[in-house]
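Have a look at the structure below before the remarks.
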Amino acid sequence: MKRRRYSNTELNDLARHYDGPYKPYDLVKELCIAIAVVGALALLLTIFLSSPDESPSTIAQWSRQMPADFVTTAVSELDGTSDTAQYGPPYDNGPNAQIVWFVHLQSWLGVSHPINTAQDYVYGPLGAVTGDPGVRAATASYRAAPAKSQTTWTTNYTNALAKATVGRGDTLVVPPGNYGPVPTMMGALLALAQAGGLDGDLLTSSQFYQTDYTKPLLFMADGGLLAARAQQQHLLGEQWGMMNETGSYPGQVWLWLYTFWYQIAPFNSSPNADALVMLIMGFLSVCFILIPFIPGVRDIPRAIPIYRLIWRDYYREQRNTAAGGPGGASPGGGGGGPPVPAPPGPAGAATG
Amino acid sequence: VSARERNWTVRLREAGVRALPPERLLPDGQPAYMSSWIYIFGVLTIGALVIIIGSGVILGLKGPAWWHYTGIGHFFNSIHLWAVELFFFFMVIHLWGKFFMASWRGGRARTWMSGAISFLISIAAAFTGYVSQQNFDSQWIATQAKDGLNSTGVGAFFNVLNFGQMYTYHVLLLPVVVVGLVSAHILLVRRSGIVPPLPLPELLPALAVAASTAEAPETASAESAG
């Protein structure tokens with residue numbers, strides 16, 4: 016028997032009509048059962064597995080547990096070498112804004128959440144420290160110094176922090192060197208952070224109520240505590256972290272394709288990886304929506320005959336019909352129960 | 494044109510009834526070819542959405558911090574989490590099933606598109622939930638996800654580090670969009686009907702012969718709205 020391939024137009028026309036039998040169906044009952052089944056499943060999963068809730072990190076914890084990392088980060092905020100200081104829009108005009116060819120999407124909408132890392136993370140909090148004229152004098156001295164001296168001090172101090180030890184009271188002991196007023200400033204900032212003052216300082220704005228954690232989260236993300244915890248919880252980017260959850264719980268597994276791109280070249284090493292991956296995913300998302308109009312993709316279901324499994328009862332009836340066997344000449348004689356009238360319009364429908 | 498015909502309410506009602514008469518909106522019969530387990534995943538997705546909204550409303554009524562310090566709050570958070578996992582599990586199977594049925598045939602492209610957009614918006618709704626948890630997971634996800642969003646410029650008006658903004662998106666704006674899209678999707682399914690099976694090319698000549706020699710049974714007839 017010679018097979019004929021239907022054109023897309025023919026397939027569409029054939030799918031506009033259904034002249035076969037109907038069977039009784041109770042949509043409302045089906046929905047109620049579905050809600051009950053899903054509710055029971057969620058309840059069982061809750062009883063046996065609960066849900067994760069790892070406590071958030073604070074700047075106070077960070078500065079106590081990793082004082083050298085905290086101070087190293089604070090110095091990078093002061094001299095403008097931190098990730099946030101170099102980030103670009105929407106936080107500042109740093110040089111690391113991502114581009115794809117000539118497309119500067121990250122920069123087009125400008126700096127909408129302005130952050131001056133030196134002012135917001137160092138000068139501002141130190142300015143709130145009262146009763147310590149030495150800190151004020153050190154800060155004034157640093158700000159008045161030439162840029163070259165500032166760079167020399169912060170570079171020397173950052174290098175020395177690699178050899179720092181933790182002294183009494185979680186203070187840092189750094190080998191002697193040419194650091195200018197930086198150690199005084201950082202000592203005060205570390206003490207403020209360890210006392211919990213910096214958590215509040217960075218959250219405070221002109222409003223009483225606060226909900227915007229942009230500044231404290233960016234500061235913490237520049238440091239190493241969040242990343243260290245994330246690594247323990249297999250949440251880093253190279254660990255497929257975007258689709259993982261703390262503990263052994265399933266996370267956003269539906270982000271697997273988005274996460275996938277970060278695991279392969281060139282995305283796993285490109286400075287513009289985020290922009291590239293977002294553009295790819297945006298393109299694929301549009302294609303996903305427009306599958307009915309994309310030749311080739313819309314034909315895949317015919318090439319992979321899973322539909323023969325889904326509608327196997329219907330096709331069995333059709334074969335019986337073609338062979339003149341039980342089922343009569345009617346297409347689609349499957350399904351139990353007495354026939355019911357067809358609803359007006361096209362083929363009757365389920366919620367699925 | 495009569496005053497009644499100019500009445501906006503009357504026109505809306507009549508257009509609605511024309512598009513979806515009650516017996517098509519809530520039929521008590523389905524085509525006989527609808528006999529596969531794959532068909533239950535659409536309604537299971539809706540069932541999961543109902544559980545998500547129900548548990549979410551309870552969590553919302555008590556505020557975002559409640560679930561961290563009460564056992565009953567943690568219980569409802571767990572229900573919410575697992576309902577979300579089930580929602581996506583069912584929806585993905587539903588999507589694959591509909592893909593392999595080529596369910597956009599016969600003027601049903603809008604049905605496919607509304608379902609696909611619902612899936613994408615649901616991802617955004619779930620994401621804003623993850624960054625609204627107020628725990629370490631939120632901190633990490635927010636600080637990582639900002640880079641992708643900022644790289645497109647979206648971060649200028651959608652700041653994942655702003656808990657207040659994300660919470661509003663999660664408990665109001667995106668759920669409204671998801672429920673609206675899912676409702677539209679269901680109405681489109683009701684209007685166009687579930688897609689008939691793909692024709693088997695090898696059976697076409699034999700069926701034509703059988704149809705010409707046998708007496709056609711009484712069948713229901715339908716037209717596409719698509």
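In order, the protein sequences belong to chains A and B. So the first sequence is numbered by this note's numbering: it starts at 16 and just counts up by one. So the second sequence is numbered by this note's numbering: it starts at 494 and just counts up by one. Built from N, CA and C at the ideal position, the CB exists for glycine as well. All values derive from a computational prediction rather than experimental measurement.
Distance CB(residue i)-CB(residue j) smaller than 8 Å
i      : j      : result
A:T166 : A:D94  : yes
B:A576 : A:A57  : yes
B:T645 : B:H587 : no
B:F656 : A:Y224 : no
B:L674 : B:I610 : yes
A:A179 : A:A83  : yes
A:A75  : A:A208 : yes
A:Y33  : A:L233 : no
B:N628 : A:S263 : no
Cβ neighbours of residue i in the same chain (closer than 8 Å, five flanking residues each side left out)
i      : result
B:I572 : I544, S548
B:L513 : L680, R683, R684
A:Q115 : Checking the displayed sequence, the identity of residue 115 of chain A turns out to be Val instead of Gln. The answer, listed in chain order, is N287, A290, L291, L294.
B:W559 : L552, G566
B:P524 : G686, I687, P689
A:Q101 : G95, G109, P110, N111
B:E498 : R504
Proximity test, Cβ basis, 8 Å: residue i and chain B
i      : result
A:F303 : yes
A:E253 : no
A:K38  : yes
A:G347 : Interpretation of A:G347 is limited by its pLDDT of 38, a score under 50 that renders its predicted location unreliable; the figure taken from the coordinates is listed afterwards. A:G347 counts as touching chain B.
A:I325 : yes
A:P307 : yes
A:R31  : yes
A:G342 : In this prediction, A:G342 has a pLDDT of 47, which is less than 50 and means its spatial position is unreliable; what the coordinates show is noted afterwards. Not one chain B Cβ lies under 8 Å of A:G342.
Residues that residue i contacts on chain B, provided the C-beta gap is smaller than 8 Å
i      : result
A:A49  : I533, V536, L537, I539, G540
A:R244 : F629, W633
A:D317 : Position check: residue 317 of chain A holds Arg in this sequence, whereas Asp was assumed. The contacting residues are A595, L691.
A:R313 : A595, W597
A:V52  : L537, G540
Per-residue contacts from residue i into chain A (C-beta, under 9 Å)
i      : result
B:Y623 : E260, G266, Q267
B:S611 : Near B:S611 there are no residues of chain A at all, since even the closest Cβ is about 10 Å away, more than 9 Å.
Residue-level contact to chain A via CB, residue i, 8 Å cutoff
i      : result
B:S676 : no
B:T712 : Confidence at B:T712 is low in this model, with a pLDDT of 41, below 50, so the placement of that residue should be treated as unreliable; the coordinate-derived value is given next. Yes, its Cβ sits closer than 8 Å to a Cβ of chain A.
B:A635 : yes
B:V670 : no
B:G600 : yes
B:V510 : no
B:V550 : no
B:T645 : yes
B:A619 : yes
Among the options, the one whose alpha carbon lies nearest that of residue i
i      : options                        : result
B:L696 : A:F63, A:R323, A:A55, A:F234   : A:R323
A:F117 : A:I325, A:G239, A:L291         : A:L291
A:P161 : A:I130, A:V144, A:N174, A:P196 : A:P196
A:Y277 : A:G266, A:D289, A:Q267, A:W269 : A:D289
A:I50  : B:P520, B:L542, B:Q523, B:T636 : B:L542
A:V53  : B:A525, B:E578, B:Y562         : B:E578
B:V536 : B:V585, B:I616, B:F620         : B:V585
A:V126 : B:V494, B:V503, B:F650         : B:F650
A:Y172 : A:Y157, A:A152, A:A155, A:N193 : A:N193
A:I62  : B:Y532, B:F568, B:S529, B:F592 : B:F568
B:Y623 : A:V86, A:W123, A:G266          : A:G266
A:M81  : A:D314, A:I304, A:L250, A:A177 : A:A177
A:P320 : B:F581, B:L574, B:W589, B:R499 : B:W589
A:R45  : B:Y526, B:F534, B:P515         : It should be pointed out that residue 45 of chain A corresponds to Glu in this sequence rather than to Arg. Cα-wise, what sits closest to A:E45 is B:F534.
Chain-ordered neighbours of residue i on chain A, where CB pairs are closer than 7 Å
i      : result
B:W559 : Those within 7 Å of B:W559 in chain A number zero; the least Cβ separation is about 12 Å.
B:L554 : Simply none; closest approach about 18 Å.
B:G641 : D289, V292, M293
B:S571 : T61, S65, S66
B:E578 : P265
B:W605 : I306, P307
Chain-ordered neighbours of residue i on chain B, where CB pairs are closer than 9 Å
i      : result
A:H128 : G648, A649, N652, L654, N655
A:S22  : The premise fails here: A:S22 is roughly 12 Å from chain B at the closest Cβ pair, so nothing lies under 9 Å.
Beta-carbon contacts of residue i that lie in its chain and below 7 Å, excluding the five residues immediately before and after
i      : result
A:A203 : L141, V144, D147, V150
B:Y660 : P557, S625
A:P316 : Y322
A:G252 : Y277
B:V653 : V624, A635, A638, K639, L642, M659
6 Å Cβ shell around residue i - same chain, five flanking residues per side excluded
i      : result
B:R608 : As written in the sequence, residue 608 of chain B is Gly, which differs from the Arg given in the question. Excluding sequence neighbours, B:G608 sits near H678.
B:W597 : W605
Where residue i meets chain B, residues with beta-carbon distance less than 7 Å
i      : result
A:D94  : Here the premise fails: no neighbours, minimum Cβ distance about 22 Å.
A:P310 : The contacting residues do not exist; A:P310 stays about 13 Å from chain B at best.
Within chain A, partners of residue i - CB distance below 8 Å
i      : result
B:L519 : L42, V43
B:L665 : Those do not exist, as B:L665 stays about 15 Å from chain A at its closest Cβ, beyond 8 Å.
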